[in-house]
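Everything below concerns the one structure shown next.
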Amino acid sequence: MTDRQAELRTLSGELTDSEGITDAFLAKSFTDQLLIVDVRDGEPLPTAVADQVADRDLLPADEVYGEAAANQSAIGNVGDATRHHFVDVRTRGSHRSYVVE
Numbered sequence: 366m367t368d369r370q371a372e373l374r375t376l377s378g379e380l381t382d383s384e385g386i387t388d389a390f391l392a393k394s395f396t397d398q399l400l401i402v403d404v405r406d407g408e409p410l411p412t413a414v415a416d417q418v419a420d421r422d423l424l425p426a427d428e429v430y431g432e433a434a435a436n437q438s439a440i441g442n443v444g445d446a447t448r449h450h451f452v453d454v455r456t457r458g459s460h461r462s463y464v465v466e
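The numbering of the sequence shown is our numbering, which starts it at 366 and goes up by one.
As structure tokens, this is what we get:
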């Protein structure tokens, strides 16, 4: 595990202690590391959480991937929560889920 992964795992643990956050964990897309944050259904992403992730170079997925609703992190509902995706722009493009030759 890299220092960056350890830092983000620690952050995800800290975020689960925040009011309204039901889960937070790391995941990978094809080339990027993501921080997934689940917010209790019907509640907005807490400003303090948004600030914490931004301070660690994690940006909303829509902003990073150039989607129409830029600066949004909400992806959709999962159970009783709204799921938010943040991309680690510090290591963006350096991950590989698999290699095709």
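Cβ coordinates follow ideal geometry from the N, Cα and C atoms, glycine included.
Where do the ends of the alpha helix (DSSP H) carrying residue i lie?
i, result
"G378", "D368 to L380"
In terms of residue numbering, what span does the beta strand (DSSP E) encompassing residue i cover?
i, result
"A454", "Here residue 454 turns out to be Val, not Ala, going by the sequence shown. Segment: none, V454 is in no beta strand (DSSP E) and carries neither H nor E."
"D403", "Q398 to R405"
"F390", "I386 to K393"
"G441", "A439 to V443"
Taking the C-alpha atoms as reference points, what is the distance between residue i and residue j?
i, j, result
"S383", "G407", "16 Å"
"A389", "A426", "15 Å"
"L400", "L391", "5 Å"
Would you identify the three-state DSSP class for residue i, choosing helix, strand or coil?
i, result
"D422", "coil"
Comparing the C-beta of residue i with each C-beta of chain D, is any distance below 8 Å?
i, result
"D422", "Here there is only one protein chain, and chain D is not present."
When burial is assigned at 16 or more other CB atoms within 10 Å of the CB, is residue i buried or exposed?
i, result
"F395", "exposed"
"Q370", "exposed"
"D445", "exposed"
Is the closest heavy atom of the ligand SAM to the C-beta of residue i under 7 Å?
i, result
"R421", "The ligand SAM is absent from the structure shown, which contains no ligands of any kind."
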